[in-house]
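Below: one structure, written as structure tokens.
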Amino acid sequence: MEKKIRVLIAKPGLDGHDRGAKIVARALRDAGMEVIYTGLHQTAEMIVETAVQEDVDVIGLSLLSGAHMTLFKNVTKLLKEKGMGDVLVVGGGIIPEEDVPALKKAGVAGCFGPGTPCEDIVDFIKKKVKK
Amino acid sequence: MPGDKEINQVKEKKENWEKNCYKKLVRTNPERKKKFVNLSNVEIKNLYTPDDIADTDYIDDIGFPGEYPFLRGVHHTMYRGRLWTMRQFSGFGSAEETNKRYKYLLDHGETGLSVAFDYPTLYGYDTDQPMARGEFGKCGVAVSSLKDMEILFSNIPVDKVTTSMTINGPAAVIWAMYIANAENRGVSRRVIGGTIQNDILKEYIAQKSFIFPPEPSMRLIVDTFEYGYKSVPKWNTISISGYHIREAGSTAVQELAFTLGDGLEYVRWAKKRGLKIDDFAPRLSFFFNAHNDFFEEIAKYRAARRIWARELKRFGAKNPRSLLMRFHTQTAGCSLTAQQPEINIARVTMQGLAAVLGGTQSLHTNSMDEALALPSEKAVRIALRTQQIIAEESGVTDTIDPLGGSYYIEWLTDKMEEETYKYFDKVDKLGGVIPAIEKGFFQREIAEAAYRYQKEIDTNERAIVGVNKYKMDEPVEIPLLKMDEKGEERQIKRLKKLRKERDNAKTQRNLSRLKNAAEGNEYMMPCILDCVRSYATLGETCDVLREVFGEYKEPAIY
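Protein chains in written order, with our numbering: chain A, 1 to 131; chain B, 132 to 689.
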């Protein structure tokens, strides 16, 4: 049997907008993935620690507060330091187009803004994580 | 309402019309959809007639504006006398930058202020605390001390303009800063007017900027009720909010039911403390969303007024002002599209119109660029102009409750009321609002509704113009707001200077007095005021309370 893709959906920082994170978590679950949701107010350390414990293939970071340049980069930096650079990191929320190249460079493989169909996120993850 | 004989005639004629005309036509030319439903999944009929509201008694159920049950409006003259307050929710970066924006908005005809705070402030942290890093000024303005409050309102007439502040966990502290600033400028607290959101229940349910567990949070809120009617009589000490419940993905019915349910819970807690309902209830206010389904939104506001008046009467309120469900409205941020952002102006116009036809007391219209960033000056000006056009060009303000008596509107108002009471029963069975929060009831209901809505969009069952229909592949070309990158550094320097220059012995004394008050059963508002007056920061004051009360951790449910 094929092994399921394991995804951690995380809310870094103080942002409380969790509608998108919860919808994506459900959509990935319905697409056959194992989903773990961290809940709110996570530091980079907490997110990476959970990723290690749960042995995930993907981390989905959701943020609508505008603090993505600091908070997303904190997570990718720490992942690299822990030798977990192979975990796929994707981001969602209110992320202006002009911030996307810098986030990609920092290791956020894909950014999904408002209006993205859930299917696009499912397809992206399935293509990048071949099991 | 028409008599039985007339109703029977209408019924008979409608049946004939359905059988002989409508159904025949539909057989050859099918309707656009198999089933027409609104955003709350209520099935909508092809036509409404007097038969649909045959049980309605005009005097008891509809009545007159400014009179019980207030279905047609809370004031006798409504917009013929005075327009709603045009109040754009606004705040970003430093107090200096936001102060400039407020003056800009007032110069362009805004009639009230509304403060958006950044995340650290919402959680009671100073800009230089570890959890705050990277968040300064991102989602609102940073206010870490009375010093920032002074700058935020400098040269703004706090004796004339009313201010609404979206603050919940640390509401008592931020309110104390507003009061202290006014008093330092020689304006009595008895004169100032405004609103603090102060609605912690919906934080647990939807918005999630909570600090303390439910019990001490409720205690702080009842303290503000008491301080308000005794000392700041023109202040709305709470804005019981459905807005964020809706933004989190609820239906209109859930928004209505959960919000009013929260409101009744505050009444219970205040009464339990021994406050008299007619002292505090006149200062309770509400805040609703204006989403896309035009008539459903209008029915929601009307139903809210009638339910609130009836329930408060049941609680024994005698003062007619206790029965008034006065409310602010904001158009639905979650309905805005990042795609073809200019078309959001059209959405906001319809949503704003629904709020006005629903009898709102104040209104925020969203800016077209808010699915991309905080609004630019031009975008917010257009949003304000949209309200001004509704107010001064459309003619909808010339008569009171113009849709009252519409068969559809009255039927839908009744329907929403009926659905609301079903939710009240469900929550009662779970043991009340706080046990239902702890069981994740509201959170799950909302997450399910949000997922259903998204699936409808993803499968093209529900059209969103520019997203799944009439799409365009062109880059977004509107200039977005840029913030001063030096703001955070400046703010941290200001905090350091403040901590060095204030009378630290006095600050510490006030903070330990607050700690003692919190540990006992004491009423905390006077102590909180002393803390902020002696320039204790927001973070220091909230840390004292965090130490005594602990912090709330929510169950992570999706």
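Every residue, glycine too, gets a C-beta built ideally from N, C-alpha and C. None of the values given here were measured: they were computed from a predicted structure.
Which one or two residues does DSSP pair with residue i in a beta bridge?
i: N367/B; result: T326/B
i: I9/A; result: Y37/A and G60/A
i: Q140/B; result: Paired residues: none, contrary to the question.
i: L494/B; result: M217/B and T460/B
i: E174/B; result: V168/B
i: Q42/A; result: P12/A
i: G224/B; result: V272/B
Grab the span of the beta strand (DSSP E) containing residue i for me, first residue to last.
i: I59/A; result: V58 to L63
i: F112/A; result: G110 to F112
i: N420/B; result: L415 to A421
i: L467/B; result: Careful: L467/B lies outside any beta strand (DSSP E) and carries neither H nor E.
i: G93/A; result: L88 to G93
i: S245/B; result: G243 to A247
Hey, could you find the ends of the alpha helix (DSSP H) residue i is sitting in?
i: V511/B; result: E508 to E523
i: C662/B; result: M656 to R664
i: R218/B; result: Unbroken run through R218/B is the beta strand (DSSP E), T216 to S221; no alpha helix (DSSP H).
i: F389/B; result: A383 to R404
i: A27/A; result: R19 to D30
i: V479/B; result: N475 to L488
i: S643/B; result: N635 to E650
i: I75/A; result: According to the sequence shown, residue 75/A is Val rather than Ile. Segment H68 to E81, the alpha helix (DSSP H) holding V75/A.
i: D182/B; result: Here D182/B belongs to no alpha helix (DSSP H), and DSSP marks it neither H nor E.
i: G194/B; result: Unbroken run through G194/B: none, as it is neither H nor E.
i: E428/B; result: F425 to R445
i: C673/B; result: L669 to F680
In chain A, which residues lie with their C-beta within 7 Å of the C-beta of residue i?
i: E314/B; result: Within 7 Å Cβ-Cβ: nothing; E314/B doesn't reach chain A, min ~31 Å.
i: A778/B; result: Outside the modelled stretch of chain B, which goes from 132 to 689, sits residue 778/B, for which no answer is possible.
i: Y683/B; result: Chain A residues near Y683/B: none, gap ~11 Å exceeds 7 Å.
i: A578/B; result: K22
i: V598/B; result: G115
i: Y254/B; result: L14
Anything in chain B within Cβ reach of residue i, meaning under 7 Å, just list it in chain order.
i: C118/A; result: Q585 and D589
i: R26/A; result: Y582 and Y689
Whose Cβ in chain A lies nearer than 9 Å to the Cβ of residue i?
i: Q340/B; result: First, the amino acid is wrong: residue 340/B is Ser here, not Gln. Residues of chain A passing the Cβ test: L14 and G16.
i: G380/B; result: R19, K22 and I23
i: E386/B; result: Near E386/B there are no residues of chain A at all, since even the closest Cβ is about 14 Å away, more than 9 Å.
i: P251/B; result: L14
Could you check the C-alpha separation between residue i and residue j for me, to the nearest Å?
i: G651/B; j: R644/B; result: 11 Å
i: W148/B; j: A510/B; result: 48 Å
i: D18/A; j: G681/B; result: 23 Å
i: N641/B; j: M656/B; result: 12 Å
i: M33/A; j: T116/A; result: 19 Å
i: M300/B; j: A273/B; result: Note that residue 300/B corresponds to Gly in the displayed sequence, not to Met. Cα to Cα, G300/B sits roughly 15 Å from A273/B.
i: D30/A; j: G92/A; result: 19 Å
i: E162/B; j: Y153/B; result: 10 Å
i: K165/B; j: V122/A; result: 30 Å
i: N599/B; j: R512/B; result: 29 Å
i: V675/B; j: L660/B; result: 14 Å
i: K557/B; j: N139/B; result: 36 Å
i: Q461/B; j: E620/B; result: 33 Å
i: A67/A; j: Y37/A; result: 20 Å
i: S295/B; j: I47/A; result: 36 Å
i: E442/B; j: R399/B; result: 12 Å
i: V607/B; j: Q471/B; result: 7 Å
i: Q639/B; j: R633/B; result: 11 Å
i: M603/B; j: I609/B; result: 15 Å
i: I125/A; j: V90/A; result: 9 Å
i: H207/B; j: S493/B; result: 17 Å
i: G394/B; j: N315/B; result: 33 Å
i: D532/B; j: I310/B; result: 36 Å
i: V304/B; j: Y654/B; result: 14 Å
i: K3/A; j: E119/A; result: 20 Å
i: A580/B; j: Q574/B; result: 10 Å
i: Q385/B; j: N169/B; result: 13 Å
i: G85/A; j: L503/B; result: 29 Å
Note down, in chain order, every chain B residue with its Cβ under 9 Å from the Cβ of residue i.
i: G92/A; result: Chain B residues near G92/A: none, gap ~12 Å exceeds 9 Å.
i: T38/A; result: A687
i: E97/A; result: L503, P606 and V607
Taking C-beta pairs closer than 8 Å, name the residues in chain A that residue i reaches, listed in chain order.
i: T468/B; result: P114 and G115
i: R264/B; result: T70
i: L611/B; result: P96
i: K269/B; result: S65, G66 and A67
**Report entry** 4 or more residues per run - each alpha helix (DSSP H) lying fully within the stretch 517 to 603 of chain B
**Finding:** 538 to 560, 564 to 569 and 572 to 589
Query raised in the report: Where in the stretch 254 to 341 of chain B do unbroken runs of the alpha helix (DSSP H), each at least 4 residues long, occur, reported from the N-terminal end onward?
Result: 277 to 283 and 302 to 315
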